[in-house]
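**Q**
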Amino acid sequence: MVVFAGNLSAWNQSMVPCPHLTLKPRSVGVACLLAAFISLAALGNALVILSVLYNRQLQTATNFFTGNLALADLLLSVCVLPFSATLEVLGCWPFGRAFCDVWAALDVLCCTASILSVCAIAVDRYVAVRHSLHYRIMVTRGRAAVALAFIWAVCAGLSVPPLLGWKEVPPNDTSVCTVTQEPGYALFSSLLSFYLPLAVVLAVYSQVYVVVRRTTLSLQTGVKRHRDYGDGATEVVLRIHRRGALVMDERGRSRRAHTRWLLRFSREKKAAKNLAVVVGIFILCWLPFFLILPLGSVFPALRPSEVVFKVVFWLGYSNSCINPFIYPCSNLEFRRAFSRLLRFPRHRRQKMSRVQLWCLCLLLYFNIDYEHIQNMLLNSGTTTPALFIYSLCTKSTSFCQHNAFMIVIYIIYLITNEILFVCLCQLGSFTWG
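Under the working numbering, the very last position in the sequence shown is 704; numbers go up by exactly one each time.
(1) On the DSSP letters alone, give me the boundaries of the alpha helix (DSSP H) that Trp423 sits inside.
(2) What's the C-alpha gap between Asp395 and Pro432?
(3) Is Asp444 helix, strand or coil when you go by DSSP?
(4) Considering only residues of the same chain and omitting the five flanking positions on each side of Val430, which have a CB-CB separation below 6 angstroms?
(5) On the DSSP letters alone, give me the boundaries of the alpha helix (DSSP H) that Ser355 sits inside.
(6) Indicate the three-state DSSP secondary structure (helix, strand or coil) for Pro433 in the structure shown.
(7) When DSSP labels each residue in this structure, what does Gln452 get in the three-state scheme?
(8) Considering only the alpha carbon of each residue, which of Trp437, Thr383 and Ile422 lies closest to Ser464?
(9) Once you ignore the five residues that flank Ile422 on each side, which residues in its own chain have a CB closer than 8 angstroms to its CB?
(10) Would you mind reading off the limits of the alpha helix (DSSP H) that contains Ile408?
(11) Ordered along the chain, which non-local residues of its own chain (more than five positions away) have a Cβ less than 8 angstroms from that of Pro468?
(12) Pick helix, strand or coil for Lys581, following the three-state DSSP scheme.
(13) Are the stretch 314 to 334 and the stretch 589 to 608 touching by the rule of at least three beta carbon pairs closer than 8 angstroms?
(14) Find the nearest neighbour of Glu439 within the set Leu346, Asn545, Ala608 and Val569, judged by alpha-carbon distance.
(15) I want to know whether the stretch 343 to 352 touches the stretch 301 to 313 - three or more CB-CB distances under 8 angstroms.
(16) Shortest alpha-carbon distance to Gly455 belongs to which of Leu564, Ser591, Gln330 and Val319?
(17) Please report how far the alpha carbon of Leu419 lies from the alpha carbon of Arg485, in whole angstroms.
(18) What does the Cβ neighbour count give for Pro740, buried or exposed, with the cut at 16 atoms within 10 Å?
(19) Flag this pair as yes or no: are the beta carbons of Val479 and Trp364 separated by less than 8 angstroms?
(20) By the DSSP assignment, the alpha helix (DSSP H) with Glu604 in it spans what residues?
(21) How far does the alpha helix (DSSP H) with Arg396 in it reach, from first residue to last?
(22) Leaving aside the five residues before and after Thr411 along the sequence, list all residues of the same chain whose C-beta is less than 7 angstroms from its C-beta, in chain order.
(23) Can you tell me where the alpha helix (DSSP H) with Leu346 in it begins and where it stops?
(24) Have a look at Phe560, Val472 and Val301 and flag the residue whose alpha-carbon is nearest the alpha-carbon of Gly551.
(25) Say the cut is 7 angstroms; is the CB of Ser591 nearer than that to a heavy atom of the ligand GDP?
(26) So which of Ala424, Leu324 and Glu359 has the shortest CA-CA distance to Ala306?
(27) DSSP three-state call for Ser461: helix, strand or coil?
(28) Who are the Cβ neighbours of Ser460 in its own chain at under 6 angstroms, not counting the five residues just before and after it?
(29) Leaving out five residues on either side along the sequence, give the residues of the same chain with a beta carbon under 6 angstroms from the beta carbon of Phe609.
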């Protein structure tokens, strides 16, 4: 308990006092709502990342883009949103001017990475639908890795300029922290972070819609336009019989090849429909913010009220909470991976219950040394909590997956607890004895 109290005292000493701070009745409700929002976003995106890491079937080029989207949203949830929530609840910034600049840069970095990941997923779906037979040759893991590296390089390039001075003159009051609204940077960042990716997403999805609709109609009428590499366009008649599922063409290709093509096209058609939902929610969440920010920066008279700006600001953040429940949850393999991660494994060598594991995490956090914890460690054959956790993780793969998920929860709990303590100290309603 002494160690924990010392950490909190260090927090208290490093904070900047907020002048004229009063506790409003809505602050408690807002704090609870934002805490639930941040926790949901962090847990959902953590599930997506762990699913890709622990399941070989999900380690495809397509899911690398999905995992990158989840990674960007998870970083936003853990590194940005807790401090944004503190600013929202307190109405001031207690972390100082230097960290305000870092927070704003991380905000741009993570949000841009999330938006560009949605753009990459849209392009990937277009290639899968337009060139379904050659998709695996065209989109490889190596090319996906290069694309992801390019995304993060662009995001870093957009987030660094304010740290180098391309921003508004900061106010003298260090308790004030806002997003950079310098006109030049606002236009530059809005163009590269949103409007260019939005144009790519809309253009790509319109082509996906055209290809899917044209191919679907051709299958329904039994005629498909097939473009050969050397012979130009040739008409291929597909005859799909209900009983025999026989598919034949004039070149005598095997029915297995066409059956695989039909199954692949069916999956890509479903993925294209899911992409429509992703794109729609993406536009709904981010378009208001990227309309208000550049317009308000160039034309100060058009700046909205503080309440409207906050609503639009958090509407963009909400996209990071929604993403893990749209595209991954519509995939059967992701749903199975989620269920395996959330289901506590029953292993005959495992003697610790879920409640005991939760208690161990909390007791380790508070640094409490109780006798029954020592007995638990002795019964497990280890002498330290670290070795005990390691022994649990090495017993089975499924249990290791679950412990990884529990560790993520523990980290989120740690960060949330520290941020809430900052709020309580600033409000002057918390004493530590």
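Built from N, CA and C at the ideal position, the CB exists for glycine as well.
**A** This is what the structure holds:
(1) Following the DSSP letters along the chain, one finds Trp423 inside the alpha helix (DSSP H) bounded by residues Arg412 to Ser430.
(2) So the alpha carbons of these two residues sit roughly 30 angstroms apart.
(3) The answer is coil: DSSP assigns Asp444 none of H, G, I, E or B.
(4) Inspection of the sequence shows that residue 430 is occupied by Ser rather than by Val. Once the five neighbours on either side are set aside, the close Cβ partners of Ser430 are Ala376, Val379 and Leu380.
(5) Element bounds for Ser355: Leu352 to Leu361.
(6) Looking at Pro433 - three-state DSSP - the assignment turns out to be helix.
(7) DSSP places Gln452 in coil when its eight states are reduced to three.
(8) Cα-wise, what sits closest to Ser464 is Thr383.
(9) Only residues of its own chain outside the window of five on either side were considered, and among them Asn339, Ala384, Leu387, Ser388 and Ala391 have a CB closer than 8 angstroms to the CB of Ile422, listed in chain order.
(10) In the DSSP assignment, Ile408 falls within the alpha helix (DSSP H) that extends over Tyr406 to Met409.
(11) So the list reads Ile386, Leu387, Val389 and Cys390, once near-sequence residues are dropped.
(12) DSSP, reduced to helix, strand and coil, places Lys581 within a helical segment of the structure shown.
(13) Yes: the two stretches touch, three or more of their Cβ pairs being nearer than 8 angstroms.
(14) Residue Val569 is the option with its Cα nearest to Glu439.
(15) In short, these stretches touch, since the Cβ pair count reaches three.
(16) Among Leu564, Ser591, Gln330 and Val319, the Cα nearest to that of Gly455 is on Leu564.
(17) So the alpha carbons of these two residues sit roughly 31 angstroms apart.
(18) Residue coverage of the chain in this structure runs from 272 to 704, which leaves residue 740 outside it and unanswerable.
(19) Between Val479 and Trp364, the gap from beta carbon to beta carbon reaches 8 angstroms or more.
(20) Annotation for Glu604: the continuous alpha helix (DSSP H) segment containing it runs Leu603 to Leu613.
(21) Its alpha helix (DSSP H) spans residues Arg368 to Arg401.
(22) Here the set comprises Ala332.
(23) Where Leu346 is concerned, the enclosing alpha helix (DSSP H) stretches over Ala332 to Leu346.
(24) It is Val472.
(25) Of ligands this structure carries none, so the ligand GDP is not represented either.
(26) Put simply, of Ala424, Leu324 and Glu359 the residue whose alpha carbon is nearest the alpha carbon of Ala306 is Glu359.
(27) Looking at Ser461 - three-state DSSP - the assignment turns out to be helix.
(28) Sequence-distant partners of Ser460 (beyond 5 residues in either direction) whose C-beta falls short of 6 angstroms from its own C-beta, in its chain, are Leu429.
(29) Counting only Cβ-Cβ distances below 6 angstroms, and skipping sequence neighbours, we find Leu318.
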